[in-house]
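Order-wise, the sequence lines are chains Z and A. Using the working numbering, you'd call the opening residue of the first sequence number 173 and step up by one each time. Using the working numbering, you'd call the opening residue of the second sequence number 173 and step up by one each time. Idealized CB from N, CA, C, for every residue including glycine.
Number of protein chains: 2
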Amino acid sequence: MIYGHGDDLYKFQDKIIANFSSNVWYKGPDPQVLDAIQRSIPFVKNYPEPNGDSLCKKLASIYSLNANNFIITNGAAEAFYMIAQAFRQTTATIFTPTFSEYEDAANVNDIQCSFIPFEDLKNDLKIRTKIAFICNPNNPTGQQFESGFLLDLMKTNTDTLFIVDEAYADFTVSRQSILPYIYSIPNFLIVHSFTKTFGIPGLRIGFIAGQPEQVEAIARFKIPWAVNAIALHTMEFVADNYKQLKPSMAPLLTECLWFREEINKIGGFEAMQSSTTYFLTKMANGSASALKEYLINYNGCLIRDASNFRGLNHQYFRLATLDREKNILLLNGLRAWKAYTGS
Amino acid sequence: MIYGHGDDLYKFQDKIIANFSSNVWYKGPDPQVLDAIQRSIPFVKNYPEPNGDSLCKKLASIYSLNANNFIITNGAAEAFYMIAQAFRQTTATIFTPTFSEYEDAANVNDIQCSFIPFEDLKNDLKIRTKIAFICNPNNPTGQQFESGFLLDLMKTNTDTLFIVDEAYADFTVSRQSILPYIYSIPNFLIVHSFTKTFGIPGLRIGFIAGQPEQVEAIARFKIPWAVNAIALHTMEFVADNYKQLKPSMAPLLTECLWFREEINKIGGFEAMQSSTTYFLTKMANGSASALKEYLINYNGCLIRDASNFRGLNHQYFRLATLDREKNILLLNGLRAWKAYTGS
């Protein structure tokens, strides 16, 4: 791996009261999901389904598609590595700053990467690579593209296969998934991760969706039994109760607006625009790595030092909105750091 | 995937009383292991360690090596695919019949395979491929090679990297692991799967062991967070209590001897030699697939139709030894099938 990862909570577990570094659902798993995990324990005695076919059928029902539109993956990460394997020794466009695993997966598979800043992305942009990764909404910026914009971009670039990462699509007011266009626009794949929405990233399960022929070509690189029995059975329960279990993001998005405004009032910190519940903050003075260390030790807050995202520098960190009490804890930490450094 | 898989229990779940098709520990997980899984549930709220470094340290302690000798993998399957990726577009030797994932992983990575029957394997055999897969003891035959034999083979073929699959090493009287020779013989990697020994294949966790430089070259192809939080934390508990939790195989190996003798008494079935608790059986008349279907429907026994192993044909099936009561159930099924078919 080239870059450090986002959620490094496991390194500081004992010290952390509030984890702003991870973008997963802040309330954690619903008790019903934890019960489903518990009920799944006996399934560890046998091998899981090699490819998670039962869950594919349930996804087909949720998204009004067919089971052969889906590949179940070991989190979204496995999806990017499988896709990159299928396109090894070709070329890819990556819009920066973004999730570092696209570049890592490309490098491991000898894919030559072209980097374009997100601000240069127009819907008539001419792309000259075999594949292109688009994170929508984008991580770490929270920027969201409307479906129409993306579909126009795809129509302009029919020789490019777009890998649209919708891991955070649920963390927005207006979900802009292009999954419904899977049969009308032939040159995209969707990657989605269930576990962020349901607060269970430790389970590791996600999916690729696309037209059957595309899905079949990628599935060639699938490692059998890659998703464990507990994850599969739990996600089958979640799929069966999808609408009821899916959290409502509206209150958290409102809290996010307040949180950003309060950060901007401190001075020296610019909480940037976002369509989601996480956002970048730019600091006028000092470095995000120093701030991160200070906050861990000062008040048990963990932030995401975003300086290692390609296209960002030491001034950037990423925050996920949590509940009011924790957000205040961080605000106090930022104020204290400002006083401490005299910045 | 080219071939069907062994444990297809999930297809027949409702009908099966006794599963002879899977080689995992027949008694299922120890209650302490199930408790450890239960205690691991809260960890799903966060991302697992990307590479399982904490478990690597515990493996180092169990095997008297260093943490950097190990890569934690999503079952043994991920290990073979990672290794094949690292050697893509080269050449491999596979001794047949054997576990089909070596060939699958090689094919996906454009590795040209040479197939040699196991009976032609001598310790002075000259191998001309970049890598060679050896399953010891072998699946499906149960044949075991002594460490000295394998080390001689490696010394004869210093240009070949040997991938020694020790998934079933615990299922023998005299464990012939070559892991202790990792620093004296430079051209091998070990792949091991914990979950067979502890009866928890649904958890998906295993490892690659080798010299640090070799391990580092393979780790380049590792998908981050590929092992989920429950599997990692449970296996840390198992590693901490390794000697106490490891099942004693001796009684099951004794039962296996009796089981094979009883099969051979029926007539028309030849239960073949094995150093482990599973073995191949060759039938004089009819096909393994027909027998499999008959046993599922007649008395709820699931066997492994072994006809799709390269080098075997429709006459072969594989059996894992279970407890006496279940073994008798299968013996009755084989007798009934013999009477039913008039063979």
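Q.
Using a Cβ distance threshold of 8 Å, determine whether the segment 212-229 of chain Z contacts the segment 302-314 of chain Z, with at least three qualifying pairs required.
A. Fewer than three pairs of CB atoms, one per stretch, sit closer than 8 Å, so the segment 212-229 of chain Z makes no contact with the segment 302-314 of chain Z.
Q: For PHE267 (chain A), decide whether its Cβ has a neighbour in chain Z, counting only Cβ atoms nearer than 8 Å.
A: Contacts with chain Z at 8 Å (Cβ-Cβ) do not include PHE267 (chain A).
Q. Bridge partners of GLU473 (chain A), per DSSP?
A. The displayed chain sequence assigns Cys, not Glu, to residue 473 (chain A). CYS473 (chain A) is bridged to A:ALA190.
Q. Are the segment 291-302 of chain Z and the segment 320-335 of chain Z in contact at 8 Å, needing three or more beta carbon pairs?
A. Between the segment 291-302 of chain Z and the segment 320-335 of chain Z there are three or more inter-stretch CB-CB distances shorter than 8 Å, so the stretches are counted as touching.
Q. Taking three-plus beta-carbon pairs below 8 Å as touching, is the segment 414-425 of chain Z in contact with the segment 474-491 of chain Z?
A. At 8 Å Cβ cutoff, the stretches do not touch.
Q) So, helix, strand or coil for LEU297 (chain A), using DSSP? A) For LEU297 (chain A), the three-state secondary structure derived from DSSP is coil.
Q) Would DSSP call LYS454 (chain A) helix, strand or coil? A) Three-state result, LYS454 (chain A): strand.
Q: Figure out for me which residue from A:SER349, A:ILE234, A:LYS302 has the closest Cα to the Cα of GLY320 (chain A).
A: The residue among A:SER349, A:ILE234, A:LYS302 with its C-alpha nearest the C-alpha of GLY320 (chain A) is A:SER349.
Q: With DSSP as the reference, label HIS486 (chain A) as helix, strand or coil.
A: The answer is coil: DSSP assigns HIS486 (chain A) none of H, G, I, E or B.
(Q) Between which two residues does the alpha helix (DSSP H) holding LEU227 (chain Z) run? (A) Counting along the chain, the alpha helix (DSSP H) containing LEU227 (chain Z) begins and ends at 225-235.
(Q) Going by DSSP in three states, GLN284 (chain Z) sits in which element: helix, strand or coil? (A) Of the three classes helix, strand and coil, the one that applies to GLN284 (chain Z) here is strand, per DSSP.
**Q.** Residue of A:ILE362, A:TYR450, A:THR406 minimising C-alpha distance to GLN383 (chain A)
**A.** The shortest C-alpha separation from GLN383 (chain A) is found at A:ILE362.
Q: To the nearest angstrom, report how far apart ARG507 (chain A) and ILE438 (chain A) are at their CA atoms.
A: Using only the alpha carbons, I get a separation of about 7 Å.
Q) For the alpha helix (DSSP H) that contains ASP324 (chain Z), what are its first and last residues? A) Run containing ASP324 (chain Z): 319-328, per the alpha helix (DSSP H) assignment.
Q) Given that a residue counts as buried once 16 or more other Cβ atoms are within 10 Å of its Cβ, and exposed if not, what is SER212 (chain A)? A) Flag for SER212 (chain A) reads buried.
**Q.** Close-in-space but distant-in-sequence residues of the same chain around GLU318 (chain A) (CB under 7 Å, 5 per side omitted)
**A.** Same-chain partners within the cutoff: GLN348.
Q | Where TYR253 (chain A) meets chain Z, residues with beta-carbon distance less than 8 Å | A | Chain Z residues near TYR253 (chain A): ILE395.
Q: Determine the closest residue to LYS183 (chain Z) out of Z:GLU465, Z:ILE500, Z:HIS486, with distance taken between C-alpha atoms.
A: Taking only the C-alpha atoms, the option nearest LYS183 (chain Z) is Z:GLU465.
**Q.** Beta-bridge partners of ASP337 (chain A), as assigned by DSSP
**A.** Under DSSP, ASP337 (chain A) forms a beta bridge with A:CYS307, A:VAL363.
Q.
Taking the straight line between their C-alpha atoms, what separation do you get for TYR353 (chain A) and VAL345 (chain A)?
A. Rounded to the nearest angstrom, the gap between the Cα atoms of TYR353 (chain A) and VAL345 (chain A) is 20 Å.
Q: Leaving out five residues on either side along the sequence, give the residues of the same chain with a beta carbon under 7 Å from the beta carbon of LEU231 (chain Z).
A: Counting only Cβ-Cβ distances below 7 Å, and skipping sequence neighbours, we find PHE242, PHE379, ALA411.
**Q.** Minimum C-alpha distance to VAL399 (chain Z) - residue among A:SER365, A:SER236, A:ARG376
**A.** Measuring from the Cα of VAL399 (chain Z), the nearest candidate turns out to be A:ARG376.
**Q.** Range of the contiguous alpha helix (DSSP H) that encloses GLY371 (chain A)
**A.** Boundaries for GLY371 (chain A): no alpha helix (DSSP H) harbours it, and the DSSP string shows neither H nor E there.
Q. With 8 Å set as the bound, which would you pick, yes or no: does the beta-carbon of ARG392 (chain Z) sit closer than that to a beta-carbon of chain A?
A. Contact of ARG392 (chain Z) with chain A is assigned, a C-beta pair being separated by under 8 Å.
Q.
Distance cutoff 8 Å, beta carbons only. Does SER365 (chain A) sit that close to anything in chain Z?
A. Answer no: the Cβ-Cβ gap between SER365 (chain A) and chain Z never drops below 8 Å.
Q) How many angstroms separate the CA atom of LEU429 (chain Z) from the CA atom of GLY314 (chain Z)? A) Distance between the alpha carbons of LEU429 (chain Z) and GLY314 (chain Z) is about 13 Å.
Q) DSSP puts THR518 (chain Z) in a beta bridge; with which residues? A) In the structure as shown, chain Z begins at 173 and stops at 515. Residue 518 (chain Z) is therefore absent and cannot be evaluated.
Q) Can the beta-carbon of SER515 (chain A) be found less than 8 Å from the beta-carbon of HIS486 (chain A)? A) Their beta carbons are not under 8 Å apart, which means SER515 (chain A) does not touch HIS486 (chain A) by this criterion.
Q. Name the DSSP bridge partner or partners of LEU491 (chain A)?
A. For LEU491 (chain A), which the question treats as bridged, DSSP gives the partners A:PHE451.
(Q) Going by beta-carbon coordinates alone, are PHE287 (chain Z) and GLU273 (chain Z) separated by less than 8 Å? (A) In this structure, PHE287 (chain Z) lies away from GLU273 (chain Z), with their beta-carbon atoms at least 8 Å apart.
**Q.** Residues in the segment 371-382 of chain Z having any Cβ partner in chain A nearer than 8 Å
**A.** For the segment 371-382 of chain Z, which is checked against every Cβ of chain A, the residues closer than 8 Å are GLY371, ILE372, PRO373, GLY374, LEU375, ARG376.
Q) What residue does the alpha helix (DSSP H) around PHE409 (chain Z) start on, and which one ends it? A) PHE409 (chain Z) -> alpha helix (DSSP H) spans 401-412.
Q: Could you name the residues that DSSP lists as bridge partners for ILE266 (chain A)?
A: Beta-bridge pairing links ILE266 (chain A) to A:PHE287, A:PHE305.
**Q.** Rounded C-alpha distance that separates ASN359 (chain A) from LEU322 (chain A)
**A.** A straight line joining the alpha-carbon of ASN359 (chain A) with that of LEU322 (chain A) spans about 11 Å.
Q: Give a yes or no on whether the minimum CB-CB distance between GLU250 (chain Z) and chain A is below 8 Å.
A: Yes, GLU250 (chain Z) counts as interfacial toward chain A.
**Q.** Interface residues of chain A facing PRO201 (chain Z) [CB-CB closer than 8 Å]
**A.** In chain order: VAL216, LYS217.
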